[in-house]
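*Asks:* Structure provided below as structure tokens; questions to follow.
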Amino acid sequence: RAFSCDSSRGAADILPRRLFSAMAAAAVATTVSGEAAAAAGVARAVKRVAEAPKQREGAGFVVRRPIGGALPQIDPILMLDHFGPVVYGPGEAVGAPDHPHRGFETVTYMLQGTFQHLDSWGGAGRIEPGDVQWMTAGSGLVHSEMPSDEIIEKGGTVEGFQLWVNLPRAKKMVKPAWQDRKASEMPLVAIPGASEGSTVRVIAGSSCGKEAVIETHTPFFYIDVTLASAGDRLVQPVPGHFSTFVYVFRESALLGSTKRLVKLGHVAEFEAAGDEVVVEAPEGIKGPVRALIVGGAPIKEPVVQYGPFVMNTREEIMDAMRDFQSGKMGDIDGARERAAATDAARTTQRRSGRWAKDSEEL
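Below, the structure is given as structure tokens:
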């Protein structure tokens, strides 16, 4: 079964939409479905595949890092972390207490569990299953991402993704901003003609005729695809100039023009030639295939990164460090308490044996 959904037509950005349309007209595809659509485009081939092994990051998160780890940065995508799934006991859940960012965007997408966000510009909120927070760090801020009080106290399952998206030089110092979107706001679309339960969730850009409610600074798409049964297939039109990857996080998938088998926890980067990305569920799967399809227009500028700062020059990185250390990025009440809570969670993990158990899997 071959189906086509358009990912490029609504690759929204913060420029006026008529201006974006003029910029991207050559790359825009009309949404169509069925065998005719599959025949109309040229499927991209898989360029390379890498396994994203588990590793410990930050305050103690166990993550897979498909981009910025298993594969290097793919302009404009700086990093993708898949954290969890992990089942925490009471007092074990770790967070990311107060830390700075400048020069790019962070995108947090929760699958299971709830996190709480605070930042030095007054932002606050809960990120629950299916929710997305698209945060433009821009000129710089301090923020914290901590498990909800319920998960800290009672334990629970936590899983999600954090994507880092670069900003062009002209927008690296924009005012920090947030787009908090609940799961109910995010388009969830049945793939035409596929088995029941085969869907796309449109986080950015568009797919299957539905456009995301999130706007982006540069042309970009971010799609969570579920294929319920063997043979279900998504044909996703992609502008020819977009960098694109697929990360498989449930079961295995057949990718690209050669139907390359890509296993759970692996990431595939695609060649530039072609205007479609194909994801198919293979025979023998025990549950739905799930994968992220992500792509964007390359910025083609120098990238200088030092931890949470991503700029164009070393001098700009030094400025960012000085601004953070001097307090120009602000601070948040309760920072010491959040740091102490994270230290306590690590101690609880060591006492319960979770730390050692997780370390064995790294």
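According to full-length UniProt numbering, the sequence shown is numbered sequentially starting from 1. Idealized CB from N, CA, C, for every residue including glycine.
Could you check if T30 is buried or exposed, using at least 16 other CB atoms within 10 Å of its CB as the buried criterion?
*Replies:* Because T30 sits at a pLDDT of 33, beneath the cut-off of 50, its placement in the model cannot be relied upon, and the point is left open.
*Asks:* So, are the CB atoms of R181 and V132 less than 8 Å apart?
*Replies:* Yes. Within cutoff.
*Asks:* Nearest-angstrom Cα distance between C5 and V49?
*Replies:* The alpha-carbon atoms of C5 and V49 are separated by roughly 24 Å.
*Asks:* Could you please give me the residues that DSSP links to H99 through a beta bridge?
*Replies:* Its beta-bridge partners are H143.
*Asks:* Suppose the cutoff is 6 Å on Cβ atoms and the five residues either side in sequence are ignored; what does the same chain contact list for R290 look like?
*Replies:* Excluding positions up to five away in sequence, the list reads T226, F249, R250.
*Asks:* For F161, which residues of its own chain have a beta-carbon under 6 Å away from its beta-carbon, when the five flanking residues on both sides are left out?
*Replies:* The answer, listed in chain order, is H82, Y109.
*Asks:* What's the call for G240, buried or exposed, on a 16-neighbour Cβ count within 10 Å?
*Replies:* It is exposed - the Cβ of G240 has fewer than 16 other Cβ atoms within 10 Å.
*Asks:* Does the pairing of the region 139-155 with the region 218-225 give three or more beta-carbon distances under 8 Å?
*Replies:* No, they do not touch.
*Asks:* Let's see if you can read the secondary structure: which residues bound the beta strand (DSSP E) around T136?
*Replies:* 132-136 is the span of the beta strand (DSSP E), which, as asked, contains T136.
*Asks:* Just to confirm the assignment: which complete beta strand (DSSP E) runs, minimum length 3, are found wholly within the region 49-88?
*Replies:* Whole beta strand (DSSP E) segments, 3+ residues: 54-57, 61-67, 77-88.
*Asks:* CB A46 to CB L255, shorter than 8 Å?
*Replies:* With the sequence shown as reference, residue 46 is identified as Val, and Ala is not the correct amino acid for it. Yes; because the gap between Cβ atoms is below 8 Å, this pair is in contact.
*Asks:* So, at 6 Å on beta carbons, what are the nonlocal neighbours of Q349 in its own chain, with the 5 sequence-adjacent residues on each side left out?
*Replies:* So the qualifying residues of the chain are E92, W355.
*Asks:* Among all the DSSP beta bridges, which residues are the ones paired with V46?
*Replies:* F270.
*Asks:* Between V107 and A59, is the Cβ-Cβ spacing less than 8 Å?
*Replies:* The answer is no: Cβ separation not under 8 Å.
*Asks:* Pick helix, strand or coil for K286, following the three-state DSSP scheme.
*Replies:* Three-state result, K286: coil.
*Asks:* For R18, which residues in the same chain have their Cβ closer than 6 Å to its Cβ, ignoring the five residues on either side in sequence?
*Replies:* Unreliable placement is indicated for R18, whose pLDDT of 33 sits below 50; no coordinate value is reported for it.
*Asks:* Considering D333, what are the terminal residues of the beta strand (DSSP E) in which it resides?
*Replies:* From DSSP, D333 is part of no beta strand (DSSP E); its letter is neither H nor E.
*Asks:* Contact check, S120 vs M321 under 8 Å by CB: the rounded distance?
*Replies:* That belief does not hold up - the Cβ atoms of S120 and M321 are roughly 16 Å apart, past 8 Å.
*Asks:* DSSP three-state call for E211: helix, strand or coil?
*Replies:* E211 falls in the strand class under three-state DSSP.
*Asks:* I'd like to confirm the pairing. Which residues does DSSP put opposite W178 in its beta bridges?
*Replies:* In DSSP, W178 forms a bridge with M135.
*Asks:* Identify every residue that forms a DSSP beta bridge with G127.
*Replies:* Per the sequence shown, the amino acid found at residue 127 is Ile instead of Gly. For I127, which the question treats as bridged, DSSP gives the partners F115.
*Asks:* Suppose you measure from the CA of V63 to the CA of L264; what does that come to, to the nearest Å?
*Replies:* Spanning the two alpha carbons is a distance of roughly 14 Å.
*Asks:* Between A190, K171, F245, which lies nearest to S207 when the distance is taken from Cα to Cα?
*Replies:* Nearest C-alpha to S207: A190.
*Asks:* With a threshold of 8 Å between beta carbons, is T258 in contact with chain D?
*Replies:* Going by chain labels, chain D is absent from the structure shown, which holds only one protein chain.
*Asks:* Locate the beta strand (DSSP E) running through S243, then write down its first and last residues.
*Replies:* It spans 243-250 - the beta strand (DSSP E) in which S243 sits, taken as one unbroken run.
*Asks:* Can you give the beta carbon distance from V158 to G113, rounded, assuming they're within the 8 Å contact cut?
*Replies:* With 8 Å as the limit, V158 and G113 qualify as a contact, their Cβ atoms being about 4 Å apart.
*Asks:* Is the Cβ-Cβ distance between I74 and F242 less than 8 Å?
*Replies:* Going by C-beta atoms, I74 is not nearer than 8 Å to F242.
*Asks:* Using C-beta distances below 7 Å, list every residue in its chain close to T199, excluding the 5 sequence neighbours before and after it, in chain order.
*Replies:* These residues qualify, in order along the chain: L188, V189, A190, I191, T226.
*Asks:* Suppose you measure from the CA of I67 to the CA of R351; what does that come to, to the nearest Å?
*Replies:* The alpha-carbon atoms of I67 and R351 are separated by roughly 33 Å.
*Asks:* Compute the Euclidean distance between the alpha carbons of R201 and D323, then round it to the nearest angstrom.
*Replies:* Near 38 Å, if we compare the C-alpha coordinates of D323 and R201.
*Asks:* Let me check understanding here. Comparing Cα to Cα, which of E301, G205, H143 lies closest to H99?
*Replies:* Looking at the Cα atoms, H143 is the closest of the given residues.
*Asks:* Just to confirm, are E196 and V235 a CB contact at a threshold of 8 Å?
*Replies:* The answer is no: Cβ separation not under 8 Å.
*Asks:* With a threshold of 16 other CB atoms inside 10 Å of the CB of M318, please say whether the residue is buried or exposed.
*Replies:* Looking at its Cβ environment, which holds fewer than 16 other Cβ atoms inside 10 Å, M318 is exposed.
*Asks:* Quick check on the burial criterion: 16 or more other C-beta atoms within 10 angstroms. Buried or exposed for Y247?
*Replies:* Y247 is buried by the Cβ-count criterion.
*Asks:* For a quick check, are the C-beta atoms of M146 and P97 less than 8 Å apart?
*Replies:* Cβ distance < 8 Å, so M146 and P97 count as in contact.
*Asks:* What is the DSSP secondary structure of T348, counted as helix, strand or coil?
*Replies:* It is helical.
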